[in-house]
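Here is the structure we will look at, set down as structure tokens.
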Amino acid sequence: MGTFIPNTDKQRTEILEEMGKSSINELFSNIPGECLIKDGYMIPKGISEMEVLDHMKKVGKENKVYEKVLRGAGAYKHFIPSTVTSISAKEEFLTAYTPYQGEISQGILQSIFEYQTMICEITGMDVSNASVYDGATAAAEAVNMCVDNKHRTILVSDGVDKRILETIKTYNLGKDTNIKQIPMKDGQTDLVSLEKTIRDGDACLLIQHPNYYGVLEDVDEIEKIVHQSNVKLIMSCYPISLGILKTPGEYGADIAVGEGQPMGLSMAYGGPYLGFMAAKKSMFRKLPGRIVGQTLDNKGETGYVLTLQAREQHIRREKAGSNICSNQAHCALRVAIYLATLGKEGFKDVAVQCSSKASYFHKELAKEGILLAYDKPFFNEFTTICEKRDEILERLDESNILGGLPLEEDKIIWCVTEMISKNDMDHVISIIKEVRDEFDI
Amino acid sequence: MNLIFEKSVEGRKTSILPACDVEICLPASPKRESLAKLPELGEIDIERHYTKLAQRAHGVNSGFYPLGSCTMKYNPKISEKIASLDCFNDIHPLQPEKTVKGCKRVLENAKEYLCEITGMDAMSLQPAAGAHGELAGMLVIKAYHLDKGDKLRNEIIIPDSAHGTNPASAVMAGFEIVNIKSDKNGMVDIVDLKEHLSEKTAGLMLTNPNTLGIFDENILKITKMVHEAGGLCYYDGANLNAIMGIARPGDMGFDVTHLNLHKTFSTPHGGGGPGSGPCGCKAFLKDYLPMSGDNRSIGRVMGFYGNFLVILKALIYMMIIGADGIKDVGENAVLNANYMKFKLKDILPVAYDTPSMHEFVLSLEELKEKTGVSALDFSKALLDHGMHPPTMYFPLIVHEALMIEPTETESKETIDEAIKTFKELVSIAEKTPEIIFNSPITTPVGRLDEVLAARKAILRHEFES
Chain A
703 MGTFIPNTDK QRTEILEEMG KSSINELFSN IPGECLIKDG YMIPKGISEM
753 EVLDHMKKVG KENKVYEKVL RGAGAYKHFI PSTVTSISAK EEFLTAYTPY
803 QGEISQGILQ SIFEYQTMIC EITGMDVSNA SVYDGATAAA EAVNMCVDNK
853 HRTILVSDGV DKRILETIKT YNLGKDTNIK QIPMKDGQTD LVSLEKTIRD
903 GDACLLIQHP NYYGVLEDVD EIEKIVHQSN VKLIMSCYPI SLGILKTPGE
953 YGADIAVGEG QPMGLSMAYG GPYLGFMAAK KSMFRKLPGR IVGQTLDNKG
1003 ETGYVLTLQA REQHIRREKA GSNICSNQAH CALRVAIYLA TLGKEGFKDV
1053 AVQCSSKASY FHKELAKEGI LLAYDKPFFN EFTTICEKRD EILERLDESN
1103 ILGGLPLEED KIIWCVTEMI SKNDMDHVIS IIKEVRDEFD I
Chain P
36 MNLIFEKSVE GRKTSILPAC DVEICLPASP KRESLAKLPE LGEIDIERHY
86 TKLAQRAHGV NSGFYPLGSC TMKYNPKISE KIASLDCFND IHPLQPEKTV
136 KGCKRVLENA KEYLCEITGM DAMSLQPAAG AHGELAGMLV IKAYHLDKGD
186 KLRNEIIIPD SAHGTNPASA VMAGFEIVNI KSDKNGMVDI VDLKEHLSEK
236 TAGLMLTNPN TLGIFDENIL KITKMVHEAG GLCYYDGANL NAIMGIARPG
286 DMGFDVTHLN LHKTFSTPHG GGGPGSGPCG CKAFLKDYLP MSGDNRSIGR
336 VMGFYGNFLV ILKALIYMMI IGADGIKDVG ENAVLNANYM KFKLKDILPV
386 AYDTPSMHEF VLSLEELKEK TGVSALDFSK ALLDHGMHPP TMYFPLIVHE
436 ALMIEPTETE SKETIDEAIK TFKELVSIAE KTPEIIFNSP ITTPVGRLDE
486 VLAARKAILR HEFES
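Chains as they are written, first to last, in our numbering: chain A, 703 to 1143; chain P, 36 to 500.
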């Protein structure tokens, strides 16, 4: 049995004696006898560190690690610089709690302040919080920021990932809000339908840009329609695309959110990730969760503290805007290190490479007759219609390549990141060609 | 210390990516007008910046961290090692089922252990943190009553000693909050509870032991009363560390619970997260859990399956210590806290003189009246002794509260040293309180002006144009 308890039996006895207790059981005398566990747990005995490592390596072998990943749809395989791994492993960052005691937590507080600044910079927004659980909960919290007694209708584009929509629905189960979906036309949010549906007094419209199918939305037009009706616009963004694309801030969005995982976090079977959230200055008091602010110490030196805590659950209890307490601070640290390592030019370069490679791959697929489902601009994900879809994905799998995500009606959403080389793409095309030749397509 | 942006030098860079091997091609969609002002640094600048930041932070590995209700125990390194293996990191959440059997096994095993430890029948690992698990649990209770056609039941009863997340989560799930009082022993006031139970009661949220560290000896009576009124009982698992291996929420009459894997199950808190807040329940509620597969499920509470790597670390911890080790955790957590309380109660009064478990609450009200030294002053003075202060001013029902939770992974020597520090500080407070008013003096910055931070909110770095 392993243990992490340092006190020896002798020390335990000494402590009990000093307190005048004859046995440890005396300390549990307040627990009614009927509640006490009688026969121990039905779980195995403890094992050593060496054994658990062996065991977990075996369990890990039951997973397949693909050499190349052409699947995105919410989780992305981007390159993680070694600085991210090295720095984020530092024990002072890893084993600290939420930085309530500012004077000995300056390192953590400053790193969050820097993270908030970086998120504002990439999104073009005014203020950012210190992160929430993931991209889906970030969208749900953003919707919550827009809902009040007078604004109770939530519009969500059908271009938004279903996982995000479902999360928003769950967050609204206990409320008498009304969620309306705006349909798609040719892979984009249908502007005519949006204009017909939207009403003055609606809380917000949530769009995803690029949307779930990879298509870039006509955000300029959407913004006009939404703001003419005095409705808030929430944009869920793929952060890597912001290296080149017009930012939510430039579009005039009220809140920008997104899944932060592509910026320095592994895919890790879905988590931990982080949701980033940034807003216009006018909405900063509605942002949920931790926010770090700059201040002065008693000698007039600059320092950082958790601020605007009067918004939060530990002060406002039932009147708080959100219940969030723990966030994804360590993931946010990784994002900050990632962005600092890539730097101003590097962040753009990743976006340029993703976009260029996706464009190359799309053209090569088109040569094989595999065409876009929606002929619209895309960033690094796009949807094709592809006969013998399952056979192709299976054959790619045999070559240790995770192909795009299969959708209904022979569709596939492909995703290309900077980690896919031209050779890799040519190899994939040759496999696809083989399959199609076999089936005489 | 300068911000990372202030260290930026135009044109400086790292070498991360190879040159692009295809023709540059950007989408026909509007572009950003200027590049994001991310810093331009070399690798050594980045490493040194963060090394310096790390030196200005305090983790469990830096020193004693008796932050009440946060269970700041040691985080085993083997968990970090395993959680960094490619076979768990390089797994896409939407890979074909047959290629993720290892991940699924980890989740299944973690569920089995956690159900056994809590006495629950089913568990959802999706919630990402304690408060997230509370929200899921509250929605389960909501869905249950609605499913039974019990639309009137919209009240959640919460004692005044509860964590702030409890009322906030219940409100997010659409409930009204009914606050009830604690009695003179720091337990639920049974008379007050009885008065507030009605056909509108949806449930009770309770932490046991509560935030005073007190195990409510009437617990079976309390849960029975709530059930008889038609309500359900929710167990806030934040303080499970005290009773692990000793008693189970499921056997106390609780129907729904959440756990904080980043507290009780030793996964690191990372400066504020990620955590993991599994939500468990009795069999009759299992269909309502997130992603249960039944159409009565409350649905999805986040994008994928939860904070997988955190769950993995918690499983590793449970496997290493095993059934007997889990009991040792509960016993030693309670032993250490009681020892510290025993040694301190003569110099600083304990808020409630009821037997307590893994944590206890001191009140510095008398010390403040006598010397002017408040719980805040005292905490800041502790910083000069290399110790993280206890939780301050919580629970709200105790004036000048310091809530202390040493955890089982601290040795007698560490606790003795802390006791000595407390005694020294009380003596300084009585003789030369100005030393305490001026503390801390050994930290990178002195006392920070929180009022200024809130009044003149500076929430990001502004670049010179």
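The beta carbon of each residue, even a glycine, is placed where N, CA and C say it ideally should be.
Give the secondary structure of residue i by DSSP, where H, G and I count as helix, E and B as strand, and everything else as coil.
i	result
residue 1022 of chain A	coil
residue 804 of chain A	helix
residue 1103 of chain A	strand
residue 844 of chain A	helix
residue 144 of chain P	helix
residue 186 of chain P	coil
residue 207 of chain P	helix
residue 345 of chain P	helix
residue 961 of chain A	strand
residue 985 of chain A	helix
residue 271 of chain P	strand
residue 1043 of chain A	helix
residue 486 of chain P	helix
residue 54 of chain P	coil
residue 293 of chain P	strand
residue 917 of chain A	strand
residue 163 of chain P	coil
Within the 8 Å Cβ cut-off, does residue i reach chain A?
i	result
residue 341 of chain P	yes
residue 113 of chain P	yes
residue 336 of chain P	yes
residue 354 of chain P	yes
residue 283 of chain P	yes
Looking only at its chain, what residues have a beta carbon closer than 7 Å to the beta carbon of residue i, apart from the 5 residues adjacent to it on each side?
i	result
residue 224 of chain P	215, 216, 217 and 218
residue 779 of chain A	771, 969, 1119 and 1121
residue 376 of chain P	385, 391 and 395
residue 820 of chain A	1038 and 1041
residue 1138 of chain A	1070 and 1090
CB residue i to CB residue j, shorter than 8 Å?
i	j	result
residue 1040 of chain A	residue 834 of chain A	no
residue 239 of chain P	residue 261 of chain P	yes
residue 909 of chain A	residue 1052 of chain A	no
residue 959 of chain A	residue 840 of chain A	yes
residue 905 of chain A	residue 855 of chain A	yes
residue 198 of chain P	residue 246 of chain P	yes
residue 492 of chain P	residue 978 of chain A	no
residue 467 of chain P	residue 419 of chain P	no
residue 1134 of chain A	residue 1094 of chain A	yes
residue 353 of chain P	residue 161 of chain P	no
residue 501 of chain P	residue 222 of chain P	This structure leaves residue 501 of chain P out entirely; chain P is present only between 36 and 500.
According to the neighbour-count rule (16 or more other Cβ atoms, all chains shown, within 10 Å of its Cβ), is residue i buried or exposed?
i	result
residue 727 of chain A	exposed
residue 1141 of chain A	exposed
residue 746 of chain A	exposed
residue 278 of chain P	buried
residue 706 of chain A	buried
residue 283 of chain P	buried
residue 863 of chain A	buried
residue 433 of chain P	buried
residue 378 of chain P	buried
residue 1017 of chain A	exposed
Looking at the ligand PLP, does it come within less than 7 Å of residue i, judged from the CB to the closest heavy atom?
i	result
residue 710 of chain A	Ligands in the displayed structure: none, and consequently the ligand PLP is not present.
Spatial neighbours of residue i within its chain, please: C-beta separation below 8 Å, excluding the five flanking residues on both sides.
i	result
residue 175 of chain P	291, 314, 316, 320, 323, 324 and 333
residue 714 of chain A	726
residue 761 of chain A	none
Can a CB atom of chain P be found closer than 8 Å to the CB of residue i?
i	result
residue 1054 of chain A	yes
residue 852 of chain A	no
residue 995 of chain A	yes
residue 1029 of chain A	yes
residue 1042 of chain A	yes
residue 940 of chain A	no
Near residue i, what residues of its chain come up, given a Cβ to Cβ distance below 6 Å and the 5 sequence neighbours on each side ignored?
i	result
residue 167 of chain P	312
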